[in-house]
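Residue numbers (my numbering): 646 to 813. Just so it is clear, CB atoms sit at the ideal spot from N, CA and C, and this is done for glycine as well.
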Amino acid sequence: MKLNQKWIFSFALFLGFSYLMQWQGAALKNSMTPMGIVHLEFAQTEVLFEKIIGIWEIEMLYWNLALDFLYIPIYTYFFQITLSIFIQRHRSKMVQQIGVLLKNATILALFCDLAENTGMIISLSGTHIPIIYILTSWLAGLKFSILGFCLIYILVSIPALFFRTKSA
């Protein structure tokens, strides 16, 4: 499969699964948690964690976590393919190296998300260890930071697709 075909496939998967996550996760959104599970990811104390899960249907939360375990490799694949395309298009070696760094960082984001979800599952199982809430929150922050930088790199690089293609 060519890179462009891989990108179309990854983009379709990413969009479809993003929609599914939003649709399924809507049950976790309310006035206290308008961002849904993101609020739980950043709950740094047992009190806040318990307060959040106390207002949710627990089955919906478990479904959302299960879907997230499927979503993690999908968004990682999308970012990897998209960053690969832009890395090839830039003339500047420095900008290419930043792209390579971000592409590699998506693997770190994947592991952060896996560990973060595992931390939430441990907490949901009744094991209340304060460091788990803090680590889960920090891992979520690191994951979102990495993905945010990737998104910025992609958005800033879009003109490179049209105006700054590398000479053959």
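In this structure, the beta-carbon distance from S768 to F687 does not fall below 7 Å.
Straight through space, the alpha carbons of L673 and L780 are spaced by roughly 22 Å. Given a length threshold of 4 residues, each whole run of the alpha helix (DSSP H) inside the region 729-806 is given here in chain order: 738-769.
DSSP places F687 in no alpha helix (DSSP H); its state is neither H nor E. Burial check for Q667: the Cβ neighbour count within 10 Å stays below 16, so the residue is exposed.
Taking one beta carbon from each stretch, the region 675-689 and the region 782-792 have 3 or more pairs nearer than 8 Å; the two touch. Taking C-alpha positions only, G744 is separated from A754 by approximately 15 Å. By the Cβ criterion, the region 704-711 is not in contact with the region 721-732, since fewer than three pairs of Cβ atoms, one from each stretch, lie closer than 8 Å.
Cβ-Cβ distances below 8 Å link G764 to I777, Y778, L780, T781, L784 in the same chain, with the five nearest sequence neighbours on each side left out; the list follows chain order. Put simply, the backbone Cα of I803 is about 43 Å away from that of E691. Per DSSP, the continuous alpha helix (DSSP H) segment holding L648 begins and ends at 648-670.
Straight-line measurement puts the Cα of F789 at about 16 Å from the Cα of Q689. The beta-carbon separation of Q741 and L712, rounded to 34 Å, does not stay under the 8 Å limit for a contact.
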